[in-house]
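Novice: Okay, here's the structure, questions in a sec.
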Amino acid sequence: MKAMTAVKAFCAASVLTLSSLAMAEGGGDRVYGRMMQENQQAMEQYALRNGKAVPEVVHYEYGMNLDIQKVISVTQANKNCSVAPSRMTYEDSAGKLNTVEYKIMGTDCPHGS
């Protein structure tokens, strides 16, 4: 009977370990999603405080011409060694707020020799 209890405990521990690994992988998406949402809310508040229109999020495409006069906000860089989304909100030469979303490589990558 003790052997059966030990096997059940081992199986339960294995399932919990696998679940936590799966959540850790998908957890990054939730973290970035929350970070982007918080950035969007902060930029909406910034726009209202400064009498400006709320910027729409534009996804960066290679070769886009960005008219950046003043950077307002840049989201924190990814701490892992993977590609993740980031956003920059800026004012252009006309004073309009713009937000561009782009992909950035994480900062914790091993360096080659």
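Note that the sequence shown covers residues -24 to -1, 1 to 89 in mature numbering (1 follows the signal peptide of the UniProt record, and there is no 0).
All C-beta atoms, glycine included, are put in the ideal place defined by N, C-alpha and C.
Quick caveat: nothing in here was measured; it's all calculated off a predicted structure.
Helix, strand or coil for TYR8 per DSSP?
Specialist: The residue you call residue 8 lines up with position 32 of the sequence shown. It is helical.
Novice: Where does residue 90 sit, in a helix, a strand or coil, going by DSSP?
Specialist: One cannot answer for residue 90 here, as it falls past the ends of the chain, which runs -24 to 89.
Novice: If I measure Cβ to Cβ from VAL76 and keep anything under 6 Å in the same chain, skipping five residues before and after, which residues do I get?
Specialist: As a position in the sequence shown, residue 76 is number 100, starting the count at 1. So the qualifying residues of the chain are VAL34, TYR36, MET64.
Novice: For CYS57, tell me which candidate among GLN13, HIS87, GLN21 has the shortest Cα-Cα distance.
Specialist: In the sequence shown, the residue the question calls residue 57 occupies position 81. Here the closest residue by C-alpha is HIS87.
Novice: Based on the DSSP secondary-structure assignment, which residues constitute the bridge partners of SER49?
Specialist: Counting from one through the sequence shown, the residue named residue 49 turns up at place 73. Answer is THR65, bridged to SER49.
Novice: Using alpha carbons as the reference points, say which of GLN52, LYS79, GLY82, GLN13 lies closest to GLU32.
Specialist: Translated into the one-based positions of the sequence shown, residue 32 becomes position 56. Here the closest residue by C-alpha is GLN13.
Novice: What distance in whole Å lies between the Cβ atoms of ASN41 and GLY82, which are believed to be in contact at a cut-off of 8 Å?
Specialist: For the purposes of this step, residue 82 is identified with residue 106 of the sequence shown, where counting begins at 1. For the purposes of this step, residue 41 is identified with residue 65 of the sequence shown, where counting begins at 1. In fact, because the Cβ distance is near 27 Å, the residues do not count as touching under 8 Å.
Novice: Spatial neighbours of LYS46 within its chain, please: CB distance less than 7 Å, with the 5 preceding and 5 following residues excluded, ordered by chain position.
Specialist: Translated into the one-based positions of the sequence shown, residue 46 becomes position 70. TYR66, GLU67.
Novice: Counting along the chain, where does the beta strand (DSSP E) carrying GLU77 start and finish?
Specialist: The residue labelled residue 77 in the question sits at position 101 within the sequence shown. Element bounds for GLU77: 73 to 81.
Novice: Exposed or buried, which one is ALA60 when buried takes at least 16 other CB atoms within 10 Å?
Specialist: Position 84 of the sequence shown, counted from the first residue, corresponds to residue 60. Counting Cβ neighbours within 10 Å, ALA60 comes out buried, since at least 16 surround it.
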